[in-house]
Amino acid sequence: MSTVFGVSCVLSVIAVAGTVAMGTELLLHEQRAEVAADIAAISAATAHAYGNGEACVVAESFVHANGAHMDDCRVDGDDVSVNVTVGIRHAHAVAGPVE
0 MSTVFGVSCV
10 LSVIAVAGTV
20 AMGTELLLHE
30 QRAEVAADIA
40 AISAATAHAY
50 GNGEACVVAE
60 SFVHANGAHM
70 DDCRVDGDDV
80 SVNVTVGIRH
90 AHAVAGPVE
């Protein structure tokens with residue numbers, strides 16, 4: 000009986016540790032996606048405002064440098080909108096001049 004209880008306790012600890020590890024990975028992916036989207040949108044909006052290259056090409060280079068995948072990039076007037084994915088987490092950012 001005590002062996003079964005011991006094995007059950009060990010399996011429970013392993014299950015909890017696995018759940019915590021997966022949750023931590025999801026949080027890290029979410030943070031990486033948000034950072035990649037933010038920096039890409041800001042960089043692209045700056046490039047667009049100063050005419051230093053194609054905004055979405057600039058955005059994509061920053062997205063890839065941050066280990067993410069760019070799903071979409073759009074220039075709408077002076078604003079640049081970027082959608083990014085890391086793992087299963089998605090992030091969206093918009094940047095442009097302050098009005």
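In terms of numbering that gives the first Met the number 0, the sequence shown opens at residue 0 and continues consecutively. We treat Cβ as the ideally placed atom computed from N, Cα and C, and that holds for glycine.
Beta-carbon separation (whole angstroms), residue i vs residue j, contact threshold 8 Å
i, j, result
"P96", "D77", "5 Å"
"V85", "A64", "Their Cβ separation, rounded to whole angstroms, is 13 Å, which puts V85 and A64 out of contact at 8 Å."
"M69", "E59", "5 Å"
DSSP state of residue i mapped onto helix, strand, coil
i, result
"D77", "coil"
"A48", "helix"
From the options, residue whose alpha carbon lies closest to that of residue i
i, options, result
"A39", "I87, R73, S1 and T2", "R73"
"V83", "A32, M21 and A94", "A32"
"D37", "G50, T23 and V81", "V81"
For residue j and residue i, the rounded distance between their alpha carbons
i, j, result
"V19", "V57", "36 Å"
"V34", "A16", "27 Å"
"L26", "F4", "33 Å"
"Q30", "A43", "20 Å"
Cβ-based burial, residue i [other Cβ within 10 Å; buried from 16]
i, result
"D71", "exposed"
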